[in-house]
Amino acid sequence: MALKNILIHPDPRLKKVADPVASVTEDLRRLADDMLETMYDAPGIGLAAPQVAVMNRLIVMDCEKGEDATPDPIVLINPQVLWTSEERNVYEEGCLSIPEQYAEVERPAEVEVAWMDLAGKTRRERFDGLWATCVQHEIDHLDGRLFIDYLKPLRRQMITRKMQKLKREMARA
Ligand code: K2U
Ligand code: ZN
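When you line the sequence shown up against the working numbering, it's residues 186 to 358, in that order.
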């Protein structure tokens with residue numbers, strides 16, 4: 186198990202479309218493990234492979250919040266949204282690649298997703314609540330989309346400028 190470095194926006198790798206996973210290998214299992222460890226350490230409730238500079242269509246999630254919640258990690262390989270509800274939900278989103286920045290994003294309240302699990306089995310499930318928000322946020326990462334892409338240009342530009350300043354300070358440290 187190893188903690189991975191999380192890319193910070195702006196970074197061209199966060200804007201790329203990730204490649205489909207061909208097969209579940211030992212390396213992929215190790216990557217999923219490392220992503221879960223990195224997510225819990227952040228802490229976060231989701232993480233997509235491009236955020237750790239791996240351009241594979243792989244995401245991990247565990248939206249069971251709270252200290253005493255039993256961890257319920259889920260690994261989704263090549264996830265696809267099959268259906269979205271008419272009903273929409275607004276959630277104040279954050280992103281581990283855009284630290285300390287939060288903004289309201291409206292998304293479908295419920296989504297049906299198909300994916301392959303680590304056993305190579307095809308799965309299909311409906312997500313609602315925070316799980317629905319999170320899985321859409323993570324699948325966006327696989328398509329090079331960040332939550333700030335849903336904001337007005339001026340707000341997005343302000344956040345990007347703040348991240349550029351943060352990265353300059355991190356480089357000096
Ligand atoms: O992909 C990521 O950067 C992890 C995201 C996942 C997420 C964002 C918005 C809404 C739901 C999930 C977060 O940084 S995880 C941090 C977090 C924790 C609790 C609630 C919202 C965000
Ligand atoms: Zn994110």
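The beta carbon of each residue, even a glycine, is placed where N, CA and C say it ideally should be. Values in this document were obtained by computation on a predicted structure and should not be read as measured data.
Check whether V275 and R242 have beta carbons under 7 angstroms apart: no
Pairwise C-alpha distance: R311 and R346: So the two alpha carbons sit approximately 37 angstroms from each other.
A227 beta carbon less than 7 angstroms from that of V260: no
Rounded straight-line distance, which links the Cα of K189 to that of T307: The alpha-carbon atoms of T307 and K189 are separated by roughly 27 angstroms.
beta-carbon C280 near the ligand ZN non-hydrogen atom, thresh 6 angstroms: yes
DSSP state of E285 mapped onto helix, strand, coil: It is coil, neither helix nor strand.
Proximity of C248 and L315 at Cβ, strictly below 7 angstroms: yes
E222 beta carbon less than 7 angstroms from that of M186: yes
N-terminal and C-terminal residue of the beta strand (DSSP E) that I349 is part of: In the sequence as presented, Ile is not what sits at residue 349; that position holds Gln. In this chain, Q349 is not harboured by any beta strand (DSSP E); it is covered by the alpha helix (DSSP H) spanning 338–357.
Residue from K201, Q321, E271, D328 whose Cα sits closest to the Cα of G279: Q321
Beta-carbon contacts of C319 that lie in its chain and below 7 angstroms, excluding the five residues immediately before and after: I230, G231, M246, C248, listed in sequence order.
Sub-7 angstroms separation of R198 and P258 beta-carbons: no
Sheet register partners of W300 (DSSP bridge): According to DSSP, W300 shares a beta bridge with R308.
Backbone secondary structure at T318 - three-state DSSP: helix
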